[in-house]
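Single-structure report; data block below.
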Amino acid sequence: MPAYNAARTLERTYADIPHDIVGRIILVDDVSKDQTVGIARQLGLDVIIHPQNRGYGGNQKTCYDAALEAGADIVVMLHPDYQYDATRIPALVAPIAAGEADLMLGSRFLGDPLAGGMPRWKYVSNRFLTVLENLAFGLRLSEYHTGLRAYSRDLLETIPYHLNSDDFVFDQELVAQVVAAGRGRRIGEIAVPTRYFEEASSVGFRRSVVYGLSTLRVVARYLLHRLRVRPSPKLAVRRKPR
Numbered sequence: 001m002p003a004y005n006a007a008r009t010l011e012r013t014y015a016d017i018p019h020d021i022v023g024r025i026i027l028v029d030d031v032s033k034d035q036t037v038g039i040a041r042q043l044g045l046d047v048i049i050h051p052q053n054r055g056y057g058g059n060q061k062t063c064y065d066a067a068l069e070a071g072a073d074i075v076v077m078l079h080p081d082y083q084y085d086a087t088r089i090p091a092l093v094a095p096i097a098a099g100e101a102d103l104m105l106g107s108r109f110l111g112d113p114l115a116g117g118m119p120r121w122k123y124v125s126n127r128f129l130t131v132l133e134n135l136a137f138g139l140r141l142s143e144y145h146t147g148l149r150a151y152s153r154d155l156l157e158t159i160p161y162h163l164n165s166d167d168f169v170f171d172q173e174l175v176a177q178v179v180a181a182g183r184g185r186r187i188g189e190i191a192v193p194t195r196y197f198e199e200a201s202s203v204g205f206r207r208s209v210v211y212g213l214s215t216l217r218v219v220a221r222y223l224l225h226r227l228r229v230r231p232s233p234k235l236a237v238r239r240k241p242r
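Going by the working numbering, 239 is the number at position 239 of the sequence shown; the sequence numbering is gapless.
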């Protein structure tokens, strides 16, 4: 769990995690100004504290490094803001455990995100970016911009995620790397409910604009790389036979 000021929602998120199948929970804190670390320790989580805020992407890099070092076969990334239903984790990881997928996404757009409180401007921007990414990557996913994801160990050991941004666009860069590695067809998704409420963290309009523009740059970089116009070291991923 990449965490920043998650004290108000961490306990509820933790309570929904199916502990019968989740062997270890790692929380990486990015210099929270609230009681996130104290609550995480009370809950018995493995806590890693960054000495300075490394950003959302930088936090995930630490999360995945720690999970791989701990020997995880499947790694679930879950936002601790209670926007995503942790009880869906068994369904999320099942295709990976069965060897049918390497990356699974919890999609709010397989349901009704507006009914769950998603602001209309976020709905429109999410749909717009998803359509562009589907066209560029040759996929048919309903959402790329989710805070509930699961990865196979093999995938994380293959993808050079340390080359990615330390900001929010990290997730989109990683998906582009998966597609560049020839494993786009091993990306799947399940439906998760949409939950927007006051205590949950949310990216404001200005940061969302920056994120959207950064996502467009990821798409452009991928297309230029695929067309061999401008090869990118981030996307020079070794393909594995399947």
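Just so you know, even glycine gets a beta-carbon here, dropped at the ideal spot from N, CA and C. Since this is a predicted model, take the numbers as computed values, not measurements.
- Task: Can you have a look at Asp-73 and say buried or exposed, based on whether 16 or more other CB atoms are within 10 angstroms of its CB?
- Result: As a working mapping, residue 73 is identified with position 73 in the sequence shown. When all chains shown are included, Asp-73 counts as exposed.
- Within 10 angstroms of the Cβ of Leu-213, are there 16 or more other Cβ atoms? Answer buried if so, exposed if not. Taking the first residue of the sequence shown as 1, we reach residue 213 at position 213. Exposed, since its Cβ has fewer than 16 Cβ neighbours within 10 Å.
- Jot down the residue ranges of each uninterrupted alpha helix (DSSP H) in the segment 100 to 171, minimum 4 residues, whole runs only, in chain order. 120 to 137, 153 to 158
- Start-to-end residues for the beta strand (DSSP E) that takes in Ile-49: Position 49 of the sequence shown, counted from the first residue, corresponds to residue 49. Counting along the chain, the beta strand (DSSP E) containing Ile-49 begins and ends at 46 to 49.
- Task: Grab me the residues of Gly-58's own chain with a C-beta within less than 7 Å of its C-beta, minus the 5 sequence neighbours each way, in chain order.
- Result: Here residue 58 corresponds to residue number 58 of the sequence shown, with the count starting at 1. Hits under 7 Å: Asp-166.
- Item | Beta-bridge partners of Met-77, as assigned by DSSP | On the sequence shown, residue 77 is found 77 positions in, with the first residue counted as 1. Its beta-bridge partners are Arg-149.
- Have a look at Val-179, Ile-89, Arg-195 and flag the residue whose alpha-carbon is nearest the alpha-carbon of Arg-221. One-based indexing of the sequence shown puts residue 221 at position 221. That would be Val-179, whose Cα lies nearest to the Cα of Arg-221.
- Query: Looking at the unbroken beta strand (DSSP E) that takes in Val-28, where does it start and where does it end?
  - Reply: For the purposes of this step, residue 28 is taken as the residue at position 28 of the sequence shown. Per DSSP, Val-28 belongs to the beta strand (DSSP E) from 26 to 29.
- Message: Please tell me whether Val-219 and Glu-133 are closer than 8 Å, where the distance is taken between their beta carbons.
- Response: In the sequence shown, residue 219 corresponds to position 219, counting from 1. In the sequence shown, residue 133 corresponds to position 133, counting from 1. Going by C-beta atoms, Val-219 is nearer than 8 Å to Glu-133.
- When the Cα atoms are used, what is the spatial distance from Leu-78 to Thr-87? Here residue 78 refers to the residue found at position 78 of the sequence shown. Here residue 87 refers to the residue found at position 87 of the sequence shown. So the two alpha carbons sit approximately 11 Å from each other.
- Task: Would you mind stating whether Leu-68 and Arg-153 have Cβ atoms separated by less than 8 Å?
- Result: As a working mapping, residue 68 is identified with position 68 in the sequence shown. As a working mapping, residue 153 is identified with position 153 in the sequence shown. A contact, by the Cβ cut-off of 8 Å.
- Cut-off 6 Å between Cβ atoms - residues of its own chain near Asp-16, not counting five sequence neighbours on either side: Against the sequence shown, residue 16 aligns to sequence position 16. Counting only Cβ-Cβ distances below 6 Å, and skipping sequence neighbours, we find Ala-86, Thr-87.
- Roughly how many whole angstroms lie between the Cα atoms of Val-203 and Leu-103? Residue mapping note: residue 203 aligns to position 203 of the sequence shown, counting from 1. Residue mapping note: residue 103 aligns to position 103 of the sequence shown, counting from 1. Each residue's Cα considered, the two are about 24 Å apart.
- Message: Taking a contact to mean a Cβ-Cβ separation below 8 Å, would you say Val-75 touches Tyr-84 in this structure?
- Response: Counted from its first residue, the sequence shown places residue 75 at position 75. Counted from its first residue, the sequence shown places residue 84 at position 84. In this structure, Tyr-84 does not lie closer than 8 Å to Val-75 by Cβ.
- Query: Got a sec: does the ligand NAP put a non-hydrogen atom nearer than 7 Å to the Cβ of Asp-29?
  - Reply: Absence of the ligand NAP is noted for the structure shown, with no ligands found whatsoever.
- Query: Looking at Arg-24 and Asp-46, is the spacing between their C-beta atoms short of 8 Å?
  - Reply: What you label residue 46 is simply residue 46 of the sequence shown in a count that begins at 1. What you label residue 24 is simply residue 24 of the sequence shown in a count that begins at 1. Against a cut-off of 8 Å, the Cβ pair of Arg-24 and Asp-46 comes out as a contact.
- Message: Is it buried or exposed, Lys-234, if we count other Cβ atoms within 10 angstroms and call 16 or more buried?
- Response: For the purposes of this step, residue 234 is taken as residue 234 along the sequence shown, with counting starting at 1. Lys-234 is buried by the Cβ-count criterion.
- Item | Other residues of its chain near Pro-51: CB distance less than 8 Å, five sequence neighbours each side excluded | Within the sequence shown, residue 51 is the residue found at index 51, counting from 1. Hits under 8 Å: Val-31.
- How is Gly-58 classed by DSSP in three states: helix, strand or coil? On the sequence shown, residue 58 is found 58 positions in, with the first residue counted as 1. In the structure shown, Gly-58 sits in a helix (DSSP, three-state: H, G or I).
- May I have the straight-line CA-CA distance separating Met-1 from Ile-26, to the nearest angstrom? Along the sequence shown, read from residue 1 onward, the residue named residue 1 stands at position 1. Along the sequence shown, read from residue 1 onward, the residue named residue 26 stands at position 26. About 6 Å.
- Item | Three-state class that DSSP yields for Ala-3 in the structure shown | The residue given as residue 3 occupies position 3 in the sequence shown. Three-state DSSP puts Ala-3 in a strand.
- Task: Answer with buried or exposed for Ala-40, where buried requires no fewer than 16 other C-beta atoms within 10 angstroms of its C-beta.
- Result: Looking up residue 40 in the sequence shown gives position 40. With 16 or more Cβ atoms within 10 Å of its Cβ, Ala-40 is classed as buried.
- For Ala-191: DSSP bridge partner residues: Here residue 191 is taken as the residue at index 191 of the sequence shown, counted from 1. Answer is Ser-107.
- Quick one: residues in its chain with C-beta nearer than 6 Å to the C-beta of Ala-142, no 5 flanking neighbours on either side, listed in chain order? For the purposes of this step, residue 142 is taken as residue 142 along the sequence shown, with counting starting at 1. The amino acid at residue 142 is misidentified as Ala; the sequence shows Ser. Contacts found: Ser-107, Phe-109, Leu-110.
- How should Glu-173 be labelled, buried or exposed, when 16 other C-beta atoms within 10 angstroms of its C-beta is the threshold for buried? Locating residue 173 in the sequence shown gives position 173, where the first residue counts as 1. Counting Cβ neighbours within 10 Å, Glu-173 comes out buried, since at least 16 surround it.
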